[in-house]
Amino acid sequence: MEQDRWTRWLLEGRFGGDAEYAKEYLARLREVRDAVLDHRLKLVDGATLLDVGAGDGLIGFGALERMSQGGRVVFSDISRPLLERCRSVAARMGLGDRCDFVEAPAEDLGPIAGETVDVVTTRSVLIYVGDKAAAFREFHRVLKPDGRISLFEPINRYGLDAWRYDVAPVLDLAQRLRDFYRRLQPVDSDPMLDFDEHDLVAHCEAAGFIDIHLALHIFVRSATPQPWDRAISIPGNPNIPSPRDAMARVFSAEEAARYEAHVRPQVEAGRGVVREAVAYLAAMKPERPSAPPVEEASR
28 MEQDRWTRWL LEGRFGGDAE YAKEYLARLR EVRDAVLDHR LKLVDGATLL
78 DVGAGDGLIG FGALERMSQG GRVVFSDISR PLLERCRSVA ARMGLGDRCD
128 FVEAPAEDLG PIAGETVDVV TTRSVLIYVG DKAAAFREFH RVLKPDGRIS
178 LFEPINRYGL DAWRYDVAPV LDLAQRLRDF YRRLQPVDSD PMLDFDEHDL
228 VAHCEAAGFI DIHLALHIFV RSATPQPWDR AISIPGNPNI PSPRDAMARV
278 FSAEEAARYE AHVRPQVEAG RGVVREAVAY LAAMKPERPS APPVEEASR
């Protein structure tokens, strides 16, 4: 199968080559999928759901399971290889006649006609979209009146300046590594970081949605122990290099050894603090106003 950076990330990169970790990771994602599909949706048999940024089909195939009596799913993504993978999976499952596949970005869903879908979903999609306002307008356009959106997006600005591990003895190196990543993804301009939950609500309301509900979940928890080799093999997202590659670029061999000697024991023992925030947003497109009654002509 042809691969692009999105395919490599979803099928390989986010797991760091660890099959057991991949199982744990995907189990957590299924919980997110279920939360998206449960968040104030009217997911009934016969409905049409558009999954924007469908990726490997996590939400789309989950929706098809729930709509067992004839619902349809439109898988939309900018990655042709991922769409082809979803098409292949759908055929293998005998679901091809209930699926459509559209290559389009979230901010321009032009191939999809207006007012043709009942539900729009995303999972970690707007973090890659520069014009989020345009994406919300497109969601509104393709939805039928009374249609709904249910979105999941990480709020990556939260806890951005906190250190996960104690880096005081190697602060010069840790700061250099952080600065390298900040140059690649500037906080105030990169789509991954340039918004928070308030912006999501504002874009949603400006696009014309009503009954907006956003649930913000903040987690401050102990880091999970993990093998050093896996930890430094996983990029934070498809657009940046792994810590291993980044360290090779910004550290000398001696500096890399000094950094590893201090940080590795903490990573492998789970002696750190993870700070995360995620948002679940649901909203509705208003029903079309009823036409006023026609008055009889006076006799």
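Count the sequence shown with this note's numbering and you get residues 28 to 326, in order. The beta-carbon is built from N, C-alpha and C at its ideal position, and this holds for glycine as well. Given the structure is predicted, the values throughout are model-derived calculations rather than measurements.
Item to complete: Given a cut-off of 8 Å, decide if H167 and A234 are closer than it, judged by their beta-carbon atoms.
Response: H167 is positioned such that its CB atom lies closer than 8 Å to that of A234.
Worksheet item: What did DSSP end up calling F207 once you bin it into helix, strand or coil?
Response: helix
Discussion item. Can you give me the C-alpha to C-alpha distance between R243 and L227, rounded to a whole angstrom?
Written reply: A quick correction: the sequence has Leu, not Arg, at residue 243. Their backbone Cα atoms lie some 11 Å apart in a straight line.
Discussion item. What does the Cβ neighbour count give for F42, buried or exposed, with the cut at 16 atoms within 10 Å?
Written reply: buried
Worksheet item: When you compare only the Cα positions, how much space is there between I261 and R205?
Response: 16 Å
Worksheet entry | For T251 and V144, believed in contact at Cβ under 8 Å, the rounded distance | Rounded, the Cβ-Cβ distance is 38 Å, inconsistent with contact.
Discussion item. Cutting at 6 Å between CB atoms, please list the residues of its own chain near D10, excluding the five before and the five after it.
Written reply: Missing from the structure shown is residue 10; the chain here goes from 28 to 326 and no further.
Practice prompt. Verify the contact flag: Y307, CB atom, against every heavy atom of the ligand GDP, threshold strictly below 7 Å.
Written response: For the ligand GDP, the structure offers nothing, since it holds no ligand at all.
Worksheet item: Do A306 and E224 have their C-beta atoms closer together than 8 Å?
Response: yes
Worksheet item: Per DSSP, what kind of secondary structure is K69 in: helix, strand or coil?
Response: coil
Worksheet item: Taking Cβ positions, are I105 and T148 nearer each other than 8 Å?
Response: no
Worksheet item: Counting Cβ pairs, one atom from each stretch, are 3 or more of them under 8 Å apart for the stretch 271-290 and the stretch 51-68?
Response: no
Worksheet entry | Simplified DSSP assignment, three categories, for S249 | strand
Discussion item. So, with DSSP's three-state summary, where would you put K159?
Written reply: helix
Discussion item. If you reduce the DSSP assignment to three classes, tell me which class R326 lands in.
Written reply: Caution is warranted here: a pLDDT of 36 is assigned to R326, below 50, making its placement in the model unreliable, and the coordinate value is therefore given only provisionally. Three-state result, R326: coil.
Worksheet item: DSSP on E39, reduced to helix/strand/coil?
Response: coil
Discussion item. By the three-class DSSP mapping on this structure, what secondary structure does P320 have?
Written reply: Because the pLDDT of P320 is 46, which lies under 50, any placement of that residue in the model is unreliable, and the number read from its coordinates should be weighed accordingly. Correct three-state label for P320: coil.
Worksheet item: Run through DSSP, which three-state label would K312 get?
Response: coil
Worksheet item: Bridge partners of E25, per DSSP?
Response: The structure shown does not extend to residue 25, since the chain is modelled only from 28 to 326, so the question has no answer here.
Worksheet item: In the structure shown, what three-state DSSP assignment does R298 receive?
Response: Coil at R298, not helix or strand.
Practice prompt. Measuring alpha carbon to alpha carbon, tell me which of N264, I182, A309, R35 ends up nearest R175.
Written response: Nearest Cα to R175 within the set N264, I182, A309, R35: A309.
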